[in-house]
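A short worksheet on the structure shown next.
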Amino acid sequence: MEIDPFIFRLSIFILSIFIGYYVVWSVTPSLHTPLMSVTNAISSVIIVGAIIASLAGNSENIFDTANLFGFLAIILAAINIFGGFLVTQRMLQMYKKKKKDK
Amino acid sequence: MSANLSAIFYLISGVLFILALRGLSSPETSRQGNFFGILGMVIAITITFLYIGNFSAGFIYVLIFLLIGGSIGAFIAFKIPMTAMPELVAGFHSFVGLAAVFVAISAFLNPEVFNLGTAGNIKLASLIEMSIGAAVGAITFSGSIIAFLKLRGIMTGSPITFKGQHLLNALILISIIIVTYLLCSTQSSNLFWILIAVSFLIGFLLIIPIGGADMPVVISMLNSYSGWAAAGIGFTLENSALIITGALVGSSGAILSYIMCKGMNRSFFNVILGGFGATEQSFANTGKEQKPVKSGNAEDAAFLMKNASSVIIVPGYGMAVAQAQHALREMADTLKKNDIKVSYAVHPVAGRMPGHMNVLLAEANVPYDEVFELEEINNDFANVDVAFVIGANDVTNPVAKTDPQSPIYGMPVLDVEKSKSVLFVKRSLSPGYAGIDNELFYKENTLMLFADAKKMTKDIIKNL
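In structure tokens, the structure reads:
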């Protein structure tokens, strides 16, 4: 019998949870806020679904209901992607060592 | 582009996201990590365009909306003050949640494009996956909105509780399961809308009973939810980048919630069921008001510090509220010029989100190697001349170690009372969030400095 592709996706999912578990435990506590903002940014990869949704259907009517929800999702996800990565960058720039100070 | 090739690229961007989190294991590698994250995102988006291969009018609109969202996001990222990070993160979580809901709706209305069957006859597995994605997304959205309003101070930070709250929540959760079941057997679109509406409602109800100082747990939990929502959608869309990311973010948020709960010695359910301190408050405030307290001014504080050889600064949420971090760093610089050793002690739940204090100190140019976690520094208090507590309260309360009756008993606390003298900057003697008196106020070696944190710090600098 052939294995349902769902099982493969489930395997990816479960293994990724374990990767996440070990990777996140190694994150230094002082970077927990950047961790949250960067996870925010990467979870907005959901924009992939939004793009597919908004380009779906017949091309005569670009703005039918299903597409419209896709477009809205694109805006939301894009805010998060740009906002999330940039604010993380801004925070990380501030973490400096002693050296040139004083 | 073929489905197989695009799947490989999605896998690559998933791996880049893992590296992005890995980079955060130390500040030196963190910026590179963030770059990996951005790269992964660019790959994912580009591949999606190539895979669809439809560069018609719709494509232009996608780019336009992408740029609109992107510029709003960039604008926020550059304008936001660092003290507002907790509400920013809560707000961003709500967007992820809502985007998940929208994608699920779109997939429900137009399943053909996602290869999920036809409207009214969607594959069962896909329907379950999109229901989970939509429900968790909706809970993330409304929960994060409440968290945002509470952190912003638009809504009261104290717990909102009412009779039968837990029963109502339990009923709603059961109804979500029933509605999902019915939805899968009937494919009725009305049930899909009901599912989303009820999920919005439960997200709202789950967060209102949780008070301000428990926000670190709530934000981490919502972070986790936003990940699970993304993973649910990832299964629907059969997209590995989304599944990997969802799992990463989900476990990341779960670990952070766990760390925060440990920092308060409370179980996760205890926090989620809410209303911390509400029952103990009356008992805690009785009979202790008349104890003598030594209070001083900036001159006294400056005198004590000038004669010290080492100082540990303990910042808390009050420092964030007063925006005192820059003044604090100036004070530390002055002390260092006088050859006084300065370090900072950060409790895991200080502030309103994980790592809140570290970001503020970093913003004020405090080098991160002067900032220590609870376990790293707690033994040093015994050898230090002055502990300078600014805006923290419950996390320094020795009661957590001595009084089994206390609601915070067992919570790991900073051993501030062991230092030779304690300077405690606070606006009044009022108890902290947990509603209990801090014994530290009445200790022989404690000098209370009643003032706004920023003003007091500036006054101390003048006197140094």
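Chains as they are written, first to last, in this note's numbering: chain A, 10 to 111; chain B, 3 to 466. Glycine included, each C-beta is placed from N, C-alpha and C at the ideal position. All of these numbers come straight from a predicted model, not from anything done at the bench.
Considering only residues of the segment 321-357 of chain B, which uninterrupted beta strand (DSSP E) runs meet the minimum length of 3 residues and lie entirely inside it, listed in chain order?
Runs found: 343-348.
Within the segment 349-401 of chain B, note down every full beta strand (DSSP E) run reaching 3 residues or more, in order along the chain.
Segments of the beta strand (DSSP E) lying fully in the segment 349-401 of chain B: 373-375, 388-392.
How long is the line joining the alpha carbons of SER191 of chain B and ALA140 of chain B, rounded to whole angstroms?
Rounded to the nearest angstrom, the two C-alpha atoms are 17 Å apart.
Give a yes or no on whether 8 Å exceeds the smallest Cβ distance from THR448 of chain B to chain A.
Cβ-Cβ to chain A under 8 Å: no for THR448 of chain B.
When DSSP labels each residue in this structure, what does ALA280 of chain B get in the three-state scheme?
Residue confidence is low: ALA280 of chain B scores 42 on pLDDT, short of 50, so the model does not pin down where it sits. Its coordinate-derived value is still stated next. Coil, per DSSP.
Chain A partners of ARG24 of chain B, CB-CB under 8 Å?
Result: VAL32, SER35.
What residue range is occupied by the uninterrupted beta strand (DSSP E) comprising PRO317 of chain B?
It spans 312-317 - the beta strand (DSSP E) in which PRO317 of chain B sits, taken as one unbroken run.
In chain order, what residues of the same chain lie with their CB nearer than 7 Å to the CB of ALA280 of chain B, ignoring the 5 residues before and after it?
Here the model assigns ALA280 of chain B a pLDDT of 42, short of 50, so the residue's position is not dependable, and the following value carries that caveat. If we look at ALA280 of chain B and ignore the five residues flanking it on each side, its Cβ neighbours are PRO161, THR163.
Please identify the residue among B:ILE174, B:LEU118, B:ILE198 whose C-alpha is closest to the C-alpha of ILE134 of chain B.
For ILE134 of chain B, the nearest C-alpha among the options comes from B:ILE198.
Have a look at GLN283 of chain B and GLY214 of chain B and give me their C-alpha separation to the nearest angstrom.
Residue placement at GLN283 of chain B cannot be trusted, given a pLDDT of 42 that sits under 50; the coordinates are not used to answer.
Using three-state DSSP, classify PHE84 of chain A as helix, strand or coil.
The sequence shown places Ile at residue 84 of chain A, not Phe. Residue state, collapsed to three classes: helix.
Among the candidates B:GLY71, B:ASN395, B:MET333, B:ASN36, whose CA atom is the shortest distance from the CA of SER15 of chain B?
Closest by alpha carbon: B:ASN36.
What first and last residue would you give for the beta strand (DSSP E) that runs through VAL424 of chain B?
That run of the beta strand (DSSP E) goes 423-428.
Buried or exposed for THR398 of chain B, please, with buried defined as at least 16 other CB atoms from any protein chain shown within 10 angstroms of its CB.
Buried.
Could you confirm whether any beta carbon from chain A is found closer than 8 Å to the beta carbon of ALA9 of chain B?
ALA9 of chain B does not count as touching chain A.
Drop a sphere of 10 angstroms on the beta-carbon of ALA5 of chain B, count the other beta-carbons inside from all chains shown, and report buried for 16 or more, exposed for fewer.
So ALA5 of chain B counts as exposed.
Can you find a CB in chain A that lies within less than 8 Å of the CB of ALA46 of chain B?
Chain A contact via Cβ: present.
What residue does the alpha helix (DSSP H) around MET223 of chain B start on, and which one ends it?
From DSSP, the alpha helix (DSSP H) with MET223 of chain B extends over 217-239.
Below 9 Å between beta carbons is the criterion; list the residues of the segment 80-103 of chain A that meet it against any residue of chain B, in chain order.
For the segment 80-103 of chain A, which is checked against every Cβ of chain B, the residues closer than 9 Å are PHE80, LEU81, ALA82, ILE83, ILE84, LEU85, ALA86, ALA87, ILE88, ASN89, ILE90, PHE91, GLY92, GLY93, PHE94, LEU95, VAL96, THR97, GLN98, ARG99, MET100, LEU101, GLN102, MET103.
DSSP has THR97 of chain A in a bridge; who is on the other side?
BP columns for THR97 of chain A are empty, so no partner.
Count the other CB atoms, across all protein chains shown, that sit within 10 Å of the CB of LEU65 of chain B; report buried if there are 16 or more and exposed otherwise.
Label assigned to LEU65 of chain B: exposed.
Can you say whether HIS95 of chain B is buried or exposed, counting buried as having 16 or more other CB atoms within 10 angstroms of its CB?
Flag for HIS95 of chain B reads buried.
My understanding is that PHE116 of chain B touches THR238 of chain B, with C-beta atoms under 8 Å, so please give their C-beta distance in whole angstroms.
About 7 Å; that satisfies the 8 Å criterion.
Do HIS349 of chain B and LEU451 of chain B have their CB atoms nearer than 8 Å?
No, Cβ-Cβ distance for HIS349 of chain B and LEU451 of chain B is not below 8 Å.
Grab the span of the beta strand (DSSP E) containing MET84 of chain B for me, first residue to last.
First-last for MET84 of chain B: undefined, no H or E at that position.
Just how far apart, CA to CA, sit MET87 of chain B and LYS338 of chain B?
Approximately 29 Å, taken between the alpha carbons.
Counting contacts by CB-CB distance shorter than 8 Å, is MET333 of chain B in contact with chain A?
So no, MET333 of chain B is outside the interface.
In this structure, how does DSSP classify ILE162 of chain B when only helix, strand and coil are distinguished?
Residue state, collapsed to three classes: coil.
Under the three-state reduction of DSSP, which class applies to MET3 of chain B: helix, strand or coil?
The answer is coil: DSSP assigns MET3 of chain B none of H, G, I, E or B.
Buried or exposed: which applies to LEU100 of chain B, given that a residue is buried once 16 or more other Cβ atoms fall within 10 Å of its Cβ?
Label assigned to LEU100 of chain B: buried.
Spell out whether any CB of chain A is found under 8 Å from the CB atom of MET87 of chain B.
True, the Cβ-Cβ gap to chain A drops below 8 Å.
Out of B:LYS464, B:ASN465, B:ALA394, which one is the CA nearest neighbour of LEU442 of chain B?
Minimum Cα distance to LEU442 of chain B is reached at B:ALA394.
Which residues mark the beginning and the end of the beta strand (DSSP E) in which PHE452 of chain B is found?
Segment 448-452, the beta strand (DSSP E) holding PHE452 of chain B.
Taking the C-alpha atoms as reference points, what is the distance between ALA303 of chain B and ILE462 of chain B?
Going by the C-alpha atoms only, they are around 7 Å apart.
Measure the beta-carbon distance from ILE130 of chain B to CYS186 of chain B and round it to whole angstroms, keeping in mind my assumption that it falls under 8 Å.
Their Cβ separation, rounded to whole angstroms, is 6 Å, which keeps ILE130 of chain B and CYS186 of chain B in contact under 8 Å.
Since VAL424 of chain B and ALA389 of chain B should fall inside the 8 Å C-beta cutoff, what is the C-beta to C-beta distance between them, to a whole number of angstroms?
Indeed they touch by this definition, with Cβ atoms about 5 Å apart.
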